[in-house]
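Colleague:
In the numbering used here, the protein residues as written are 2 to 316.
#1: So what does DSSP say about residue 259, is it helix, strand or coil?
#2: Does the stretch 55-73 come within contact of the stretch 297-313, defined as at least 3 CB pairs closer than 8 Å?
#3: DSSP beta-bridge partners for residue 73?
#4: Beta carbon of residue 120, beta carbon of residue 91: below 7 Å?
#5: Between the stretch 141-151 and the stretch 272-281, do three or more beta carbon pairs fall short of 8 Å?
#6: Within the same chain, show all residues whose beta-carbon is closer than 8 Å to that of residue 224, passing over the 5 residues directly before and after it, in chain order.
#7: From residue 52 to residue 19, what does the alpha carbon distance come to, in whole angstroms?
#8: Please identify the residue among 78, 28, 37 whose C-alpha is closest to the C-alpha of residue 162.
#9: Taking C-beta to C-beta, are residue 187 and residue 207 nearer than 7 Å?
#10: Answer with buried or exposed for residue 110, where buried requires no fewer than 16 other C-beta atoms within 10 angstroms of its C-beta.
#11: Span of the beta strand (DSSP E) holding residue 65?
#12: Would the stretch 235-250 and the stretch 274-293 be scored as touching if the rule is three or more Cβ pairs under 8 Å?
#13: Between 55, 36, 229, 99, which lies nearest to residue 299 when the distance is taken from Cα to Cα?
#14: Since residue 132 and residue 70 should fall inside the 8 Å C-beta cutoff, what is the C-beta to C-beta distance between them, to a whole number of angstroms?
#15: Mark residue 281 as exposed unless 16 or more other C-beta atoms lie within 10 angstroms of its C-beta, in which case mark it buried.
#16: Please check the pair residue 169 and residue 134, which I expect to be a contact at CB under 8 Å, by giving their CB distance rounded to whole angstroms.
#17: Where residue 72 and residue 30 are concerned, what is the direct C-alpha to C-alpha distance, given to the nearest angstrom?
#18: Kindly give me the distance between the Cβ atoms of residue 209 and residue 185, rounded to whole angstroms, as I take these residues to be in contact under 8 Å.
#19: Could you tell me which residues DSSP puts in a beta bridge with residue 186?
#20: Please check the pair residue 145 and residue 125, which I expect to be a contact at CB under 8 Å, by giving their CB distance rounded to whole angstroms.
#21: Less than 8 Å between C-beta atoms, sequence neighbours within five positions excluded: which residues of the same chain meet that for residue 267?
#22: For residue 14, name the three-state secondary structure that DSSP assigns.
#23: Hey, which unbroken runs of the alpha helix (DSSP H) at 4 residues or more fall wholly within the stretch 283-309?
#24: From the DSSP output, read off the bridge partner residues of residue 78.
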């Protein structure tokens with residue numbers, strides 16, 4: 002059913018693009034015949050927007066991986082640096098939530114551990130929608146922030162790091178066999194806001210996969226049983242994503258050695274002081290509009306990473 006919906010959407014998009022292209026070309030012909038520069042200008046602007054839409058559709062066609070069409074989990078973990086890094090982790094979480102909202106995806110907040118003063122120590126969200134994992138998988142890695150710290154009384158410049166993990170939600174098409182004997186199950190009291198339920202009920206579930214040392218945690222529901230089911234789904238997704246990475250790493254090793262992505266192994270730097278710049282160290286894509294990026298404008302970075310992976314060239 003999911004594949005049928007995706008094909009219907011692609012066919013509908015192709016028909017819409019062909020129809021709009023024909024309409025705008027006709028408008029240009031009419032504008033030239035009537036010597037109306039405004040009509041010609043509006044039609045040309047519409048053609049530019051259509052070209053951008055077609056380019057994105059072409060890149061989307063490259064999302065042909067086994068799990069690219071699936072929903073996605075995103076984990077954000079603050080690095081060393083206390084409150085500063087925890088605030089940066091919270092900024093990243095909001096950035097991905099805003100990106101998802103702008104593209105019509107649905108968001109579920111599964112787990113969040115608040116920092117002592119501000120921000121978050123870690124959080125996990127699920128982003129649901131077609132090709133969510135395909136677009137977001139390039140965000141895996143360390144993200145670096147440089148700014149004047151709002152938590153420093155001396156207004157000094159600080160560098161903060163946060164780690165982003167992205168892995169696909171496993172559906173019925175993908176089978177991952179996890180032995181229960183290999184998993185340690187811990188029941189905990191949920192943390193954060195929630196009133197008496199949080200204080201008195203051990204509804205949170207933590208699963209530890211002993212062979213791989215993968216740990217998942219879920220506390221979003223009042224029911225321990227539903228949290229347990231969600232945690233098992235997350236664990237299977239993490240194990241599957243680990244296997245995908247192994248395959249990709251082997252394929253990359255067969256072709257060429259991996260390129261160093263920069264100091265601290267970060268994939269992207271966000272500089273707010275002494276100048277404004279967001280730069281992806283893998284593709285070279287950069288912008289000075291840092292506010293737009295932190296508000297979810299990530300498409301150019303995701304598209305460049307997808308094109309680079311598909312064609313093996315700098316965009």
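Don't be surprised by glycine CBs; every beta carbon is placed ideally from N, CA and C. The structure presented is a predicted model; accordingly, all values stated were derived computationally and were not measured.
Modeller: Working from what's here:
#1: Position 258 of the chain shown, counted from the start, is the residue given in the question as residue 259. With a pLDDT of only 34 at residue 259, under the threshold of 50, the placement of this residue in the model should not be trusted; the figure read from the coordinates follows. In the displayed model, residue 259 falls within coil according to three-state DSSP, outside both helix and strand.
#2: A contact exists between the stretch 55-73 and the stretch 297-313.
#3: Mapped onto the chain shown, residue 73 falls at position 72. Residue 73 pairs with 128, 169.
#4: The residue you call residue 120 lines up with position 119 of the chain shown. The residue you call residue 91 lines up with position 90 of the chain shown. Yes. Within cutoff.
#5: Yes, since at least three Cβ pairs between the stretch 141-151 and the stretch 272-281 fall closer than 8 Å, the two stretches touch.
#6: Counted from its first residue, the chain shown places residue 224 at position 223. Close CB contacts of residue 224 within its chain, under the 8 Å cut and outside five residues either way in sequence, are with 204 (chain order).
#7: By 1-based counting over the chain shown, the position of residue 52 is 51. By 1-based counting over the chain shown, the position of residue 19 is 18. Approximately 11 Å between the Cα atoms of the pair.
#8: Along the chain shown, read from residue 1 onward, the residue named residue 162 stands at position 161. When each option's Cα is compared against that of residue 162, the closest is 78.
#9: What you label residue 187 is simply residue 186 of the chain shown in a count that begins at 1. What you label residue 207 is simply residue 206 of the chain shown in a count that begins at 1. For residue 187 and residue 207, yes; Cβs fall inside 7 Å.
#10: In the chain shown, the residue the question calls residue 110 occupies position 109. Its Cβ having fewer than 16 others within 10 Å, residue 110 is exposed.
#11: One-based indexing of the chain shown puts residue 65 at position 64. Where residue 65 is concerned, there is no enclosing beta strand (DSSP E), given that its DSSP letter is neither H nor E.
#12: Fewer than three beta-carbon pairs drawn from the stretch 235-250 and the stretch 274-293 are found closer than 8 Å, and the two stretches are therefore not classed as touching.
#13: The sequence position of residue 299 within the chain shown is 298, counting from 1. Here the closest residue by C-alpha is 99.
#14: Here the question's residue 132 lines up with position 131 in the chain shown. Here the question's residue 70 lines up with position 69 in the chain shown. Rounded, the Cβ-Cβ distance is 6 Å, consistent with contact.
#15: Walking along the chain shown from the start, residue 281 turns up at place 280. Under the 10 Å beta carbon count, residue 281 is surrounded by 16 or more other beta carbons and is classified as buried.
#16: By one-based count along the chain shown, residue 169 stands at place 168. By one-based count along the chain shown, residue 134 stands at place 133. Indeed, because the Cβ distance is near 4 Å, the residues count as touching under 8 Å.
#17: One-based indexing of the chain shown puts residue 72 at position 71. One-based indexing of the chain shown puts residue 30 at position 29. Those two C-alpha atoms are separated by around 44 Å.
#18: Locating residue 209 in the chain shown gives position 208, where the first residue counts as 1. Locating residue 185 in the chain shown gives position 184, where the first residue counts as 1. That belief holds up - the Cβ atoms of residue 209 and residue 185 are roughly 4 Å apart, short of 8 Å.
#19: Mapped onto the chain shown, residue 186 falls at position 185. Residue 186 is bridged to 208.
#20: What you label residue 145 is simply residue 144 of the chain shown in a count that begins at 1. What you label residue 125 is simply residue 124 of the chain shown in a count that begins at 1. Separation of the CB atoms of residue 145 and residue 125 is rounded to 21 Å, and the pair is thereby denied contact status at 8 Å.
#21: If you number the chain shown from 1, residue 267 lands on position 266. For residue 267, the CB contacts under 8 Å within the same chain, skipping 5 residues up- and downstream, are 142, 143, 144, 145, 162, 282 in chain order.
#22: On the chain shown, residue 14 is found 13 positions in, with the first residue counted as 1. Helix, per DSSP.
#23: List check, alpha helix (DSSP H) in window: 291-295.
#24: Translated into positions along the chain shown, residue 78 becomes position 77. The partner list for residue 78 (beta bridge, DSSP) reads 123, 164.
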